[in-house]
Amino acid sequence: MGDSTITTADDDLLLKAFFAEVGEVERDNEVLRILSCFKLNPYDYLNLPFDATPVDIKKQYRKLSLMVHPDKCKHPQAKEAFGALAKAQQLLLDQQERDYILSLVTTAKDELLSKRKKQLKKDTASKMKSVIDENNDQQYKQSEEFQQELKKKVREMLTDQEWRRRKMAMRISEEEGRLKKDEEEQKEMWKKKREHEEQWEGTREKRVSSWRDFMKSGKKAKKGETRPPKLKTEDPNKSYVQRPVKRG
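Heads up: the sequence shown is residues 695 to 942, going by the working numbering.
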């Protein structure tokens, strides 16, 4: 516990001494470097390798954030660079987000190594070199050439994944819009139906009253029309049966 406290205090003193010597040019250059980074790769912002640990991430963030802090750096975009570093650290300290990026890194490494082996085997003059390289993959993976290729490959994969994510988000948004439109149309239809039913129910008494008046008064004769007397179909004395009169 005591050793850890001493180490932290020593680190703070070293950082203060370092930044006391850092000029405005170095600070400005760091701001420009941060702002030119590939936006989808938080390792780029912190200028860290893919195998950096959470401890490395925190230490590097502290160093760079002090360097471009708006109170210390006069560059007009220092605040923006400072915010980018904070977001990068937040992403890399998120276990799920870090695992996602590292899974892409692993896939990229496998693809690059596989591609290299195939290229070497195709070249007759490089067959012996291919055997040697297969036994020295670790050395090749630590080379600057491989690190640059890996960084480029991971960038391509992150870009592809982000494009897929945006397309999916767009489709989801379109589907949500369609469902919302259908829901609104359904609500409008039920609203009109309910209004019609309320209107029909509101005129019920009037309709019933009109029907009762009609039944009481009977059908009125048209002007100039003589209606025949009502005839009984059967004589009271039952001496004969009156046939119904056919009209028309």
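Where a beta carbon is used, it is the ideal one built from N, C-alpha and C, also for glycine.
Have a look at Ala802, Leu758 and Leu786 and flag the residue whose alpha-carbon is nearest the alpha-carbon of Gln842. Along the sequence shown, one-based indexing puts residue 842 at 148. From the listed residues Ala802, Leu758 and Leu786, the smallest Cα separation to Gln842 is found for Ala802.
Cβ of Leu807 within 8 Å of Cβ of Val848? Translated into the one-based positions of the sequence shown, residue 807 becomes position 113. Translated into the one-based positions of the sequence shown, residue 848 becomes position 154. Their beta carbons are not under 8 Å apart, which means Leu807 does not touch Val848 by this criterion.
Got a sec, what are the start and stop residues for the alpha helix (DSSP H) Thr897 sits in? Residue mapping note: residue 897 aligns to position 203 of the sequence shown, counting from 1. Judged by DSSP secondary structure, Thr897 falls outside any alpha helix (DSSP H); it is assigned neither H nor E.
Would you report the Cα separation of Lys846 and Tyr739, rounded to the nearest angstrom? Along the sequence shown, read from residue 1 onward, the residue named residue 846 stands at position 152. Along the sequence shown, read from residue 1 onward, the residue named residue 739 stands at position 45. Straight through space, the alpha carbons of Tyr739 and Lys846 are spaced by roughly 15 Å.
Which listed residue (Phe744, Gln771, Lys768 and Phe776) has its alpha carbon closest to that of Lys757: Walking along the sequence shown from the start, residue 757 turns up at place 63. Per the Cα distances, Phe776.
Beta-carbon proximity check, Val762 vs Val725, cutoff 8 Å: Reading the sequence shown from its first residue, position 68 is the one you call residue 762. Reading the sequence shown from its first residue, position 31 is the one you call residue 725. By the CB criterion at 8 Å, Val762 and Val725 fall inside the cutoff.
Note down, one range per segment and in chain order, each alpha helix (DSSP H) of at least 4 residues found wholly within the stretch 832–910. If we require 4 residues or more, the alpha helix (DSSP H) runs fully inside the stretch 832–910 come out as 838–896.
Length of the line joining the Cα atoms of Ile751 and Gln813: Reading the sequence shown from its first residue, position 57 is the one you call residue 751. Reading the sequence shown from its first residue, position 119 is the one you call residue 813. Their backbone Cα atoms lie some 36 Å apart in a straight line.
According to the neighbour-count rule (16 or more other Cβ atoms, all chains shown, within 10 Å of its Cβ), is Leu873 buried or exposed? What you label residue 873 is simply residue 179 of the sequence shown in a count that begins at 1. Looking at its Cβ environment, which holds fewer than 16 other Cβ atoms inside 10 Å, Leu873 is exposed.
Pull up the distance between the alpha-carbon of Glu891 and that of Asp854, whole angstroms please. By 1-based counting over the sequence shown, the position of residue 891 is 197. By 1-based counting over the sequence shown, the position of residue 854 is 160. CA-to-CA, the gap between Glu891 and Asp854 works out to about 55 Å.
Assuming Asn723 is part of the alpha helix (DSSP H), what are its boundary residues? For the purposes of this step, residue 723 is identified with residue 29 of the sequence shown, where counting begins at 1. Asn723 -> alpha helix (DSSP H) spans Glu718 to Leu729.
Could you have a look at Leu787 and say whether DSSP puts it in helix, strand or coil? Position 93 of the sequence shown, counted from the first residue, corresponds to residue 787. In the structure shown, Leu787 sits in coil (DSSP, three-state: anything other than H, G, I, E or B).
Closest to Gln754 by CA distance: which of Thr897, Asn741 and Pro764 is it? The residue you call residue 754 lines up with position 60 of the sequence shown. When only C-alpha atoms are compared, the closest one is Asn741.
Report the residue from Glu879, Thr800, Met862 and Met851 whose alpha carbon sits nearest the alpha carbon of Phe732. Stepping through the sequence shown from its first residue, residue 732 is reached at position 38. Out of Glu879, Thr800, Met862 and Met851, Met851 has the C-alpha closest to the C-alpha of Phe732.
Apart from the five residues just before and just after Gln771, which ones in its own chain have a Cβ nearer than 7 Å to its Cβ? Translated into the one-based positions of the sequence shown, residue 771 becomes position 77. Closer than 7 Å at the Cβ level, and outside the excluded window around Gln771, lie Val725 and Leu729.
So, Leu786 versus Pro736, is the Cβ gap smaller than 8 Å? Taking the first residue of the sequence shown as position 1, residue 786 is located at position 92. Taking the first residue of the sequence shown as position 1, residue 736 is located at position 42. A contact, by the Cβ cut-off of 8 Å.
Express the C-alpha separation of Lys766 and Asp722 in angstroms, rounding to a whole number. Taking the sequence shown and counting its residues from 1, one reaches residue 722 at position 28. Taking the sequence shown and counting its residues from 1, one reaches residue 766 at position 72. Distance between the alpha carbons of Asp722 and Lys766 is about 11 Å.
On a CA-only basis, which of Ser759, Glu879, Gln789 and Arg901 is nearest Ala746? Give me that one, please. Numbered from its first residue, the sequence shown carries residue 746 at position 52. Taking the Cα of Ala746 as reference, the smallest distance to any Cα among Ser759, Glu879, Gln789 and Arg901 is reached at Gln789.
Please report the straight-line C-alpha distance between Ser867 and Asp876, rounded to a whole angstrom. Residue 867 sits at position 173 when you count from the first residue of the sequence shown. Residue 876 sits at position 182 when you count from the first residue of the sequence shown. Distance between the alpha carbons of Ser867 and Asp876: 14 Å.
Express the C-alpha separation of Gly717 and His769 in angstroms, rounding to a whole number. The residue you call residue 769 lines up with position 75 of the sequence shown. The residue you call residue 717 lines up with position 23 of the sequence shown. Taking the straight line joining both Cα atoms gives about 12 Å.
Please report the residue range of the alpha helix (DSSP H) in which Lys753 lies. Working through the sequence shown from its first residue, we reach residue 753 at position 59. Per DSSP, the continuous alpha helix (DSSP H) segment holding Lys753 begins and ends at Pro748 to Val762.
So Ser759 and Leu779 are in contact, right, with Cβ under 8 Å, and what is the actual spacing, rounded? Numbered from 1 along the sequence shown, position 65 holds the residue referred to as residue 759. Numbered from 1 along the sequence shown, position 85 holds the residue referred to as residue 779. Contact flag correct, Cβ pair sits at about 5 Å.
Output the distance between the C-alpha atoms of Pro743 and Glu870, rounded to the nearest integer angstrom. Within the sequence shown, the letter at position 49 stands for residue 743. Within the sequence shown, the letter at position 176 stands for residue 870. Rounded to whole angstroms, Pro743 and Glu870 show a C-alpha spacing of 40 Å.
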